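The sequence shown begins at 592 in the numbering used here and counts up by one.
Backbone N, C-alpha and C define an ideal beta-carbon position, used for all residues, glycine too.
Since this is a predicted model, take the numbers as computed values, not measurements.
Report on the following structure.
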Amino acid sequence: MPSTPKDLRSALKNQIVIMDGAMGTMIQQYKLTENDYRGKIFKDHAVDLIGNNEVLNLTRPDLIEDIHTRFLRAGARIIETNTFNANCISQEDYQMQSYVADYNIAAVAIAQKAVKTFLQHHPEQTCWIAGAIGPTNKTLSISGDVNRPDLRSIRFQAIYDAYFQQIKLFVEHGVDIILIETVFDTLNLKAGIKAYIDYFNQTKQERKPLMISVTITDRSGRTLSGQTVEAFWHSISYASPISVGINCALGAQDMKTYIETLSNIADTHVSCYPNAGLPNPLSPTGYDETPASMAQTLQHFAQKGWLNIVGGCCGTTPEHIQAIAASMHDQPVRILPETNSRFVVTGLECYQPSNQKADFTFIGERTNVTGSAQFKKLIAQEKFEEAILVAKQQIDRGAHIIDINMDDALLDGEKTMKTFLNLIGSEPDISKVPIMIDSSRWEIIRIGLEHIQGKSIVNSISLKEGEQDFLAKAFEISSYGAAVVVMAFDEQGQAVTTEDKVRICQRSYDLLTKTVGFSAADIIFDPNILSIGTGIAEHNAYGKAFIDSISLIKKACPGSYISGGLSNVSFSFRGLEYLRNAINSIFLYHAIEAGLDMAIVNAGSISPIESIEPLLRTKIEDLIFDRSSDATDQLLDYVQKNSINMNSTLENNATEVWREENLSKRISHAMVHGITEFIIEDVQEAQKHFDTPLSIIEGPLMDGMKIVGQLFGEGKMFLPQVIKSARVMKKAVTYLQPFMEKESLDATDAQGTIVLATVKGDVHDIGKNIVGTVLSCNNYRVIDLGVMVSGAEIIEQAQKNHADIIGLSGLITPSLDEMIKNMSMFNEAGIDIPVLIGGATTNRTHTAVKINPVYNNIAIHIADASMVTEVCATLLNPEKRNTYLEKIEKIYQSENQQFSQRQQRTTLPTYEKSVKSAPKLTWQHLEEDQPQLGTWIDKNISLTEVSQWIDWTPFFWSFDMKGKYPKILTSGKYQDKAQELFDDMQKILATIIEENRFTLQSVTGIFSTERSQDDVTLHNHNHTKQETFSFLRQQKVKTSGAPHYSLADFIHPFAQDYMGLFVCTCHGVRDYAQIFEEQGDDYTSIIIKALGDRFVEGLTEYTHKQIRGRYGYGHDENLEFDQVIQEKYRG
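As structure tokens, then:
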């Protein structure tokens, strides 16, 4: 049946709908090569494409269609397009941005073809195609530079553009659903939601259903950018998605708490598609959950009434989906909870006050350059660390929300707002609370909305410029998901009477709710708290008018909220701080009694009304309620007669209690809470008790970081807090550095140099960047090589920078093989330093069993960023290193023993079963002549002749110059250096040929064969038995229908067949290179070694050509050299 959004909504009322499983996992099972990814289209592409799964939409559409089909047959009814990274940002790593449209269009067509074919055989079914959009490999909420927490690696507009392009392509080519998944940063998602809303508004089409799925990345139950599940939902619920869910990072069991939470609060459908348990690179899928165990856990979720949509993420195969689909039969469908239209805003956490008067909302006002001279001065002088403390003080004194205003003629308001928001975004103690963006300039409002991941409040809009302007701004605010403050101001001016306040608010309310579609709970009216006691008679009623309007506005605008700027009421008494605080406190008390919900205040300056002297209170109330025309004079007379100190305040400025603790506890407290204010003072005190600066670093400072690591591991701290803690460490170490230099202890040498890299074939680097940040904060010299880094480059940089430790990162399963390969390369290069292994797909068992045994030194698995400083410090401490390594060796021995025991218990398919699932090959009679049998030894093969068979492209790869020869010499970023290298190589090549520096030899043979099942016996030309090869057959667990191969399969099982073998060698390379190494000419030595590699590879092509001729193939071949390299020959 054709699918429609209506069909999907109907289906979700009656059944739990099944999604598909892991596209990436399935692709990996095909063991594709670089050539598969390149195909014919991208054969000359400048960089490696392996791992870029989206390119397969163009080069291997048959494979992608097959995966879709297998998931459909397994029971999936929502199929995701193969477009997770099909955006211009992610594709930049592969230099494939220009093919993004082609990827997405092809992906939709492939999915449509698979669904159409499936429905032809199952016309009773309904299927939906979801256009899948990944999170990109960038984050808008986290800085990648420890020294510049205000910086971001990408702009909101760039993320928005990437999402908009994919959404547009999906809708134009017929997807049924837009799916934004694996969200790790809510601000990235908000860019996507805005693109979604804007696209359908611009095209005036009915919106396609939107599915959203977030990733919970650590044990604290938060996103990578720090939000709780509750905060995430309330930050994005404005998008009205057809479903919200959780996927990736965790297995089903570990998702339990978070799915339950989401199910309880979300008034839309809930999806769940977890990983197949924890990463386990030793299993066939890379994960440890079997289909049965995963299905059982998800069935429990369904029985609890938590699910509407269910499927699988990393590690899940058609077998997993089939088991999950079977487990959902007859399970109850989750019933959507009733909508709760109460006020809620978010930072990293939710803020949702009750409707009780005691639960009044305080909005901190001191981060406002128009209202705080101190804050304005700090911002103007760019003393942002001190300005941040103002925000923190507001929170510490009770503010639930922070109002931020940068409107000043001498400030660049947009730049300053962006900088300050980015800075507090890196301060979890501040960013945990919601933000109110306060400005009279719309450009600053927009900048603010593009730099806050939570649900913020815009302060403000009004009808001052008419309805058109009001509605345009309201629509834009709604596209960012913010709540809004509406001033009681219209074309006639500011409302001062009760009647005008109510009239304007009701008019605004109707426009917002009926035209724009705002929820009443997201509307906050500010009916204008105006100054009283000004000496102008008309102003005397302002206080009473505001208080009287509160209940009337709430009646006229049901569900809305009322706020006001409290300090305005006492503005006439500026300079008389005690009196102002008293007026503010008494006015606030009466406003709350009347129903005021929130106010912008100097948090901490409000006093209980009982603490104010009764007669003073009466005088102030006379002023507020306009009880007499001389109320102002009576109040001032009272103050003068009672000698009240007008310069005192009602605030309590007592020193914080933790500063009374001992030195060690103070440093630990500063580390855990990320407080930089006192760390220099405490380190100075520590210098009196410790012999050297280094002992302070390795003592109390590292002790504090250990506590941070422990709390992070227990889920009691989350990532932004860890980064903040690391900055405290950085500040302390920076202070100590001159003292270390004075004592001839260079700080960099003391702490060490770490080379970090995401291994070749892997473009994921967020985790690595965080590790680099933490290490930099702890005064390590970090050499970050980026993503897709070859082993050769790691070696080069480690040697060049005299690295003490290497850190390898990888997210995808193939990266594990690359890490093992790197270990071997390190051995060959003489690298003998510890290697740290990290990334989502790695674990301690795999490191112990597969990686560490290959390496001559030690490979240590790092579970998370908080561990890395302690591990590095221990490895580089001569007194602690050996003990630590002995401990690791014992742990690894235990891991190996446990793994061996598990392997013994693992049930693999029997050999007989594997034989039954051997590939079914069709044999045809070969018309070629019978090959010439025998063996041939070729010595002293012509260097000149073989040089004609050399493919020079890999020569440049040896020098990390990615490109195709000869194109690399004339275009691309390497062309000048490539030409210079090629010229140098040609001179050396000429000398090698002229002086016969290399000796080429080969041994070839062609034998007749006799096959018995998987045994192949070779006979020579005299029919004498030479050797029997007993070939292995794959016995690993495979998905249904996948064959188990053996090399014997390609020998005819009944008739006589033949096998050709050859070996090629190139002698003299090492000896010749050694001559130049001894002269210190490493450059020439490396070129010689690279030429040795090229000669032996060229010899294999030359020899293969010879043996094909003897075999009977290729008599009439007339292939160009490029065709030979592309294996266009037969045989």
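Out of curiosity, what's the CA-to-CA distance linking residue i and residue j?
i	j	result
N695	Q757	7 Å
V1187	F1011	For the sequence presented, residue 1187 should be read as Leu rather than Val. Each residue's alpha carbon lies about 30 Å from the other.
T578	A1464	With the chain represented from 592 up to 1722, any question about residue 578 goes unanswered, as that position is not in the structure.
Q537	L640	No answer is possible for residue 537: the residues shown for the chain start at 592 and end at 1722.
S1562	V1373	33 Å
E1129	I1123	9 Å
D598	S854	22 Å
K1391	D1375	13 Å
T616	T814	23 Å
D1020	S816	14 Å
M1410	T1344	20 Å
I1287	E1276	11 Å
L1366	Q1617	60 Å
T1007	I970	8 Å
F675	I1482	38 Å
A982	L623	53 Å
E1536	C1655	15 Å
V774	S681	15 Å
F1645	R1602	7 Å
S1533	K1555	26 Å
L1336	L1467	Here the model assigns L1336 a pLDDT of 43, short of 50, so the residue's position is not dependable, and the following value carries that caveat. Spanning the two alpha carbons is a distance of roughly 15 Å.
L1560	Q1570	5 Å
Y690	I1579	40 Å
S1099	M687	48 Å
S804	Q984	35 Å
Buried or exposed, going by whether 16 or more other CB atoms sit within 10 Å of the CB of residue i?
i	result
Y890	Note on identity: in this sequence residue 890 is Gln, with Tyr being the wrong assignment. That one is buried.
V762	buried
T1339	Reliability fails at T1339, whose pLDDT of 43 lies under 50, so the model's placement of it is uncertain and no value is given.
K799	buried
W719	buried
N792	exposed
D1113	buried
T730	buried
E1486	buried
G765	exposed
K911	The sequence shown places His at residue 911, rather than the Lys named in the question. H911 is buried by the Cβ-count criterion.
Could you tell me which of the options sits nearest to residue i, measuring between CA atoms?
i	options	result
I1052	E1034, G1134, I915	E1034
P865	V901, Q620, L853, S1381	V901
I837	T908, P1644, G903	G903
G612	G642, N673, T961, E1005	N673
V638	N626, L649, N648	N626
W824	Y1229, L780, V1687, N1487	L780
L1214	C863, F1164, S1255	F1164
Q1484	L1534, V1440, A1074	V1440
A917	A1182, A665, A753, I803	A665
V737	E715, L1014, H636, P1284	L1014
Contact check, residue i vs residue j under 8 Å by CB: the rounded distance?
i	j	result
Q913	P870	Contact flag wrong, Cβ pair sits at about 22 Å.
E656	A692	About 20 Å separates the two Cβ atoms, so there is no contact after all.
K819	C941	Going by the sequence as given, residue 819 is Thr instead of Lys. Confirmed, about 7 Å.
I1386	M1416	6 Å
T958	I992	Wrong, their Cβ atoms sit about 11 Å apart, outside the cutoff.
V960	I1048	Wrong, their Cβ atoms sit about 18 Å apart, outside the cutoff.
G1150	P1025	That belief does not hold up - the Cβ atoms of G1150 and P1025 are roughly 19 Å apart, past 8 Å.
Within the chosen definition, does the region 1024-1038 reach the region 803-818 through at least 3 CB pairs nearer than 8 Å?
-> no
Are the region 1388-1408 and the region 1321-1329 touching, with three or more C-beta to C-beta distances below 8 Å?
-> no
Kindly confirm or deny that the region 1591-1603 and the region 1687-1703 touch, where touching means at least three C-beta pairs closer than 8 Å.
-> Taking 8 Å as the limit for Cβ pairs, the verdict is that the region 1687-1703 does touch the region 1591-1603.
Contact between the region 1104-1121 and the region 1197-1205 (3+ Cβ pairs under 8 Å) = no
Pairing CB atoms from the region 856-864 with CB atoms from the region 828-837, are three or more of them under 8 Å?
-> yes
Stretch-stretch touch, CB-based, cutoff 8 Å, three pairs: the region 1657-1667 with the region 1583-1591 = yes
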